[in-house]
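There are 2 protein chains.
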Amino acid sequence: MSYPQETFIRSSLIPGSLIARRREVVSSNTLSYQLEVLKKTGRYDAFKLQWHPSYSDPPETWPIPKHLFWDSDIGKWIEGACYFLHKQPDTKIRSAVDELVQMIRSAQQPDGYLNIHYTVVEPGKRFTNLRDFHELYNAGHLIEAALAHNDLYKNNDLLDPLLKYVDLLHRTFGPSEDQTHGYPGHPEIELALLRLYDRTQNPKHLDLARYFITERGNSTGVNGRHYYVVEAEKRGDPSHTRMPYWGGNDNALWYYQAHQPIVEQQTIEGHSVRAMYLLTAASDLVGMAKAPDGRLQDAIYRLWDNMVECKMYLTGGIGAIKQWEGFGLNYFLPQGTEEGGCYAETCAAIGVMMLAERILQYDLDRRFSDIMELCLYNAMLTAMSHDGTKFTYVNQLASSDQDLSKREEWFTCACCPPNVLRLLGQIGGYIYTLNEAQDTASAQVNVHLYIPSRYEFQTRGEKVVLVQKSNWPWSGRVEFEVQTKSSQVGLALRIPAWAKSWKITPPSPSTNLEKGYLILPADWVSTNPSFTLDVDISPRLMAPHPYTNQDTLTLARGPIVYVVEDIDNPWVEDHFKSVQLDPMCDVQEKTITDDTTGDTYVALTVARGASILKTQDIHAYPDVEAAELQKVEQSADTVIDELKFVPYYFRANRGGRGQAKVGLKRWHKHN
Amino acid sequence: MSYPQETFIRSSLIPGSLIARRREVVSSNTLSYQLEVLKKTGRYDAFKLQWHPSYSDPPETWPIPKHLFWDSDIGKWIEGACYFLHKQPDTKIRSAVDELVQMIRSAQQPDGYLNIHYTVVEPGKRFTNLRDFHELYNAGHLIEAALAHNDLYKNNDLLDPLLKYVDLLHRTFGPSEDQTHGYPGHPEIELALLRLYDRTQNPKHLDLARYFITERGNSTGVNGRHYYVVEAEKRGDPSHTRMPYWGGNDNALWYYQAHQPIVEQQTIEGHSVRAMYLLTAASDLVGMAKAPDGRLQDAIYRLWDNMVECKMYLTGGIGAIKQWEGFGLNYFLPQGTEEGGCYAETCAAIGVMMLAERILQYDLDRRFSDIMELCLYNAMLTAMSHDGTKFTYVNQLASSDQDLSKREEWFTCACCPPNVLRLLGQIGGYIYTLNEAQDTASAQVNVHLYIPSRYEFQTRGEKVVLVQKSNWPWSGRVEFEVQTKSSQVGLALRIPAWAKSWKITPPSPSTNLEKGYLILPADWVSTNPSFTLDVDISPRLMAPHPYTNQDTLTLARGPIVYVVEDIDNPWVEDHFKSVQLDPMCDVQEKTITDDTTGDTYVALTVARGASILKTQDIHAYPDVEAAELQKVEQSADTVIDELKFVPYYFRANRGGRGQAKVGLKRWHKHN
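Chains A and B supply the protein sequences, listed in that same order.
First residue of the first sequence? That's 1 in full-length UniProt numbering, and the numbers climb one at a time after it.
First residue of the second sequence? That's 1 in full-length UniProt numbering, and the numbers climb one at a time after it.
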């Protein structure tokens, strides 16, 4: 297997593209900004195992102490920092990593145990609340940090203590009678352990990951009963002291994706980040051919399709329900708080990218990579301000007076900001994957993303450099150049499903696509080392599935989803709730370099193709006569001269009043 | 003041109408059916103050014991039974009332206290949880039972113990330093006390009601703090043992309409039944001219309009949110569980009728009576099966696999079934009100509802009989006859806002309406004692406000809202989610006498004016191209030959698979 966390080193982003600029912002601002926050909030020193005043704070969400994720905040920052240090040395950042690693080493208990909360706050209670207390989740993030650290530093200063901790975990958890038959409430360690196994080839690491993945949801795991039910009983949790998101009186095992074994799950349920991390690990197991049988792969496909078809916003956001940060019923996808909610957590969008990437390792199908790109440019990228110092946790598609379109400096539960950091640090690893089949002479580079970059690898002793240049996502023209002495390098190019047309110059031998990829054989590449792909990225109107009850239209151009904001449309007073967009409207494109942010993007404008529904003429009490409504809808009195759109990721960067909307009411003009 | 609980005696329903038949079903089936249930569940004997095994059951919703409302279940049944016994003597029912009254009398404590839970289960803890434990709510229902009992039996057997209890309450609650500054979490006693005051003219009864109404929401009621906050602290409720519907970490005072004094509330919030009972009492205070100032009336109008315009289903149902059985944000009105919920509790619809009736006492405006009729025929009437033995608590507008369209035999929290019983028992009191102004010679009968009936009263020594005959709601023709020697009887007839046309034969002197009422002066009535009102009740198409995100059409005819059911449209597989109704469709009417139920109603049919959206041709992943969607929408491939509608109240009476929908997707044919 290969992992973007490692292969990103082979890709260098060519400066100037949207993604390269975002990466630079993180490198120059976010890394040090987040380091400051870690220091200011007490996280930085937490592995010194001293008492911190905030440890006595009441939980924001019972029973979760506010500091419960601090181990992971540190781990994710170290991991992200290591990715950036590869490309851009920085003494201050490097010495902070060094110091943190020393603190983590010194925090390890003699038997290998390594966790802040259970060492400082509740000693003696380790492994008594796998379901809610993020102990193994934290361990997973530390393992990922250790792998990244090892790659950069080429030493085992962080890896050694983690290997020792994993040994302890391997002794503690497993199928034997004297072992605990549990698994983490928040998956993460599974995917970390599989990557660790790929590095160490230590079968213990594979065994433990596979145990966690396959034991999950076993309704008879502990003396004929479910592990989480028995664990809660042992703790003596009274029934009414359940977490608020549990709602009713059941055990809400679905929240943890533990209501059934994964292989039996029919729909994607529960907390969306947990679901994505879990399936990413499961998918890695499939890719390694280490799944017990074919049912795991079937389940991954089933749950992926259910998610994309029925539970994903057209920004790539998933998880509509705030109460459990997760999935609702099929097609329940309101755009914002006023419509019944919208969550679409940043980490969940990153999780979708992680999962898509794992599946692409064994199934080259654009139904995964299209969504990966959708999440990258929209649900994920919208979570960070243009200067890399403000973030969103929740990514709504429509603002309201209750929830304005804006970003925050930090969060008590701070999973999202360092996740953006990590993701952009390794983004080069998402662009390409390499197939080097044993049984064929040639290597195949699969191009999933059109991010201007230079990709280097060796195949059968020959160095290969693949260069793609473009102004993607603003232009659909991508120039490729393959520099190598080898004649054995083929390519597979993703042709996005939204592209109405595309062409290769000089023409490719075939225009047939295999699952949405154009296969360019080695012999063609060898004779055409330079070629151009042109993808039609002209603006298009999208709609969600009609079962969502969203009779709305959304503008998109290439992978970029657009939004209207009050800063460009200052007349708006109602968060664009009454704006109607004509499905036959003309869309103008204009490249803008924004004065405030210095960012360049393609803005879209609809001239006289939208109107404002005169709601003051609609007297619903509680109903309105249908004919009356149609008359008001069709009035052209309030046609908007120019309705201006900007990319969704760019929202809330230029001040304004926080009014924004992605899906606009469809204008029914001719009924 | 007059009250429908008392004035109903003046009206006799003429047999054969829809409402008369429903009332007969309650009289012949529901009364004795509910008596049986009271006996079977232990409620009947609960005032014997013995331990019942269910008292040890864990609460369904922490911390509410399952038996907490038993006092009110008994009270409401007695009250309803008394209303029916006026018209239809029944020895079995009457002796049950007698026995219950004796049990209640014997349950009273020496100091006047009267409550099952705090006498049997938690003695010594009375008045420690006004917020959640329904102690005063139960008292209110017992007062209402006592008033009804007194009217029928002409003795004080039940009234005396309640008067003694009210004395205790009056000593306990009030503004003095040695009194408790609290008020009930669930209003009810306020409206009961005001009715008691109307009977007794005892100023204590008025004072206590007014204290509860005006003290509510005082943020500095107890030493500068909110009563409920102090009360919860005294109980020592830990913060994480809050009720699930509280959701976040605030005190959720809005749930109880106690976040502000009523006069300051801008929007209708929280539990919908509590809100209606509270405003009914507040409105009675206004009608009695006993409100402290004009702000209470302003608040009632403001909250009423907010409710009807922004938080009411077009069936008259209110309270979209299941979690707190109450109001959501403005325009959040999904039709069913799949769309994000729909609650529309039966008791809440009854509460709307109660509130409308109280306002009509001082403001003759059809904006109240139209809604009262809407609730009667739809949101309320749909809650009982045709034979009066099955009920709904929740009245969704759309079924789903999770929540089929069906009724239940009973509920643990059984507020709704006896509330339907009470309401239909006194329904005659909702048809007419009588104005006898001191300063004018004539009396005016206000006709709010067109229910065939005979209304008798005395004015200045003369007997007056007003007879209205009709086949309402199936026909819009209503024949009136005024039988009296007096020439001083005028009438005011509600002309429903939905009526496109109407006429009076012989013609009335004016066709001007005053707030939707046609005023027929006494001299005209005197010379035209028989006349006919014709109201156009031809079918019409309604839509909810576009901000609801419901791009749907609903058929109505007169006050009756229609629904499609699988029993009439057996091809349906998806709960009618993909059925599209043409706004230009023709609607056929047909009078049906149903074989199974014997009920007669007007059914509606749309021939070739609806189609099925071919969702199998819509591949949203996660979006679909707008043009593609429009193509599928406009396809006429799947036009439905006959789409059949029945009245919403009649749903789930004839078997079937529980699929039903009120609002159908609007068919956009010509975009």
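Ideal Cβ placement from N, Cα and C applies to all residues, glycine included.
Around the beta carbon of Q88/A, fewer than 16 other beta carbons lie within 10 angstroms, which makes this residue exposed. For the pair T382/A and E409/A, the CB atoms are not nearer than the 9 Å cut-off.
In the DSSP assignment, the residues bridged to M312/A are I318/A. At a cut-off of 9 Å between beta carbons, Y331/A contacts chain B. In this structure, DSSP gives L49/A a state outside helix and strand, which the three-state scheme calls coil.
For E345/A, the closest Cβ of chain B is not nearer than 9 Å. Of all residues in the stretch 301–328 of chain B, the ones placed with a Cβ closer than 8 Å to any Cβ belonging to chain A are V308, E309, M312, Y313, L314, G316, Q323, G328, in chain order. Put simply, the backbone Cα of I19/B is about 20 Å away from that of L604/B. The residues G341, Y343, in chain order, have a CB closer than 6 Å to that of K322/B in the same chain once the five nearest residues on each side in sequence are set aside.
A straight-line Cα-Cα distance of about 59 Å links H226/B and D151/A.
Residue-level contact check: H668/B touches chain A, since one or more beta carbons of chain A fall below 9 Å from its beta carbon. Looking at the DSSP output, W502/A bridges to V535/A.
Shown here for K503/A: same chain residues with a beta carbon closer than 7 Å to its own, the five before and five after excluded, namely D534 in chain order. Exclusion of the five residues before and after E479/A leaves K469, T532 as the residues of its chain whose Cβ lies within less than 6 Å of its Cβ. Annotation: A289/B to Y362/B spans about 10 Å, alpha carbon to alpha carbon. The criterion of a C-beta distance shorter than 9 Å is satisfied by L196/B and L147/B. Contact between S369/B and L355/B fails: their C-beta atoms lie close to 12 Å from each other, not under 8 Å. By the criterion of a C-beta distance shorter than 6 Å, G429/B is surrounded in its chain by P4, T7, F8, once the five residues flanking it on both sides are discounted. L520/A: member of the beta strand (DSSP E) spanning 517–520, first to last residue. The beta carbons of L314/A and A556/A sit closer together than 9 Å. In the DSSP assignment, K665/B falls within the beta strand (DSSP E) that extends over 664–666. Residue pairing by DSSP puts L13/B in a beta bridge opposite S453/B. K204/B and R126/B have their alpha carbons spaced roughly 21 Å apart. For V632/A, the uninterrupted alpha helix (DSSP H) segment begins and ends at 626–634.
Taking the Cβ atoms as the reference, F47/B lies roughly 13 Å from A96/B, outside the contact range of under 8 Å.
For D160/A, the uninterrupted alpha helix (DSSP H) run begins and ends at 159–172, by DSSP. Here DSSP, grouped into helix, strand and coil, assigns M542/B to strand. One alpha carbon belongs to K164/A, the other to G112/A, and they sit about 5 Å apart. Residue environment analysis places F411/B among the exposed positions, since fewer than 16 neighbouring C-beta atoms fall within 10 angstroms of its C-beta. Secondary structure at S56/A: helix, using DSSP grouped into helix, strand and coil.
Across the stretch 561–585 of chain B, CB contacts with chain A closer than 7 Å involve K577, P583, in sequence order along the chain. Under the Cβ distance rule, M542/A counts among the residues neighbouring chain B, one pair being separated by less than 9 Å. With a 10 Å radius around the Cβ and a threshold of 16 neighbouring Cβ atoms, A437/B comes out exposed. Counted as a single uninterrupted DSSP element, the alpha helix (DSSP H) harbouring G351/A occupies residues 346–360. Here DSSP, grouped into helix, strand and coil, assigns I640/B to strand. Within the DSSP secondary-structure output, K406/A pairs in no beta bridge.
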